[in-house]
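So the sequence shown is residues 2 to 105, counted in the working numbering.
A short write-up of the structure that comes next.
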Amino acid sequence: MRIFVTALVAASALSTLGMATNAFAAEGAVLKLQAPSKAATLIQDGAMWRCNGDTCAAPQVKSLPIGRACRKVVAELGAVAAFNYRGQELDAAGLADCNTVAKP
């Protein structure tokens, strides 16, 4: 019985972790900067971005068109090499357009 309860708790924990990962992908954003960020955090449109080196992430972001969201963040943090917003990956043309507003 004890083994069954332990297995049930472990399965429940793994299931919850999977849902949290899916929720982050659906509501969060991750970007890779072309150069490491000088700022550790950024609050943009109510989202709390945390940066570590050249990678920044926000667990929950507003529902905006991906290009507009990218331009807003890039204007504050600098040019990006990759941008994933609410589960959508920005393509090469979108990245080039987004980086036109990058701060120097």
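The C-beta atom is built at its ideal place from N, Cα and C for all residues, glycine as well.
Keep in mind the model is a prediction, meaning the values are calculated, not measured.
Check: Cβ-based burial, GLY79 [other Cβ within 10 Å; buried from 16]; Outcome: buried
Check: Opening and closing residue of the beta strand (DSSP E) in which LEU32 lies; Outcome: 30-34
Check: First through last residue of the beta strand (DSSP E) which encompasses ARG87; Outcome: ARG87 -> no beta strand (DSSP E), and no H or E assigned at all.
Check: Beta-carbon proximity list for LYS63, same chain, < 6 angstroms, skipping 5 on both sides; Outcome: ASP46
Check: LEU43, enclosing beta strand (DSSP E) - first and last residue; Outcome: 42-45
Check: Contacts around ALA30, its chain only, beta-carbon distance under 6 angstroms, and the 5 residues preceding and following it disregarded; Outcome: ALA59, VAL62 and TYR86
Check: Sheet register partners of ARG51 (DSSP bridge); Outcome: THR42 and ALA58
Check: DSSP beta-bridge partners of ALA83; Outcome: LYS33
Check: Residue interval of the alpha helix (DSSP H) (run including LYS104); Outcome: From DSSP, LYS104 is part of no alpha helix (DSSP H); its letter is neither H nor E.
Check: Best match in MET49, LEU65 and THR42 for proximity to GLY88 [C-alpha to C-alpha]; Outcome: LEU65
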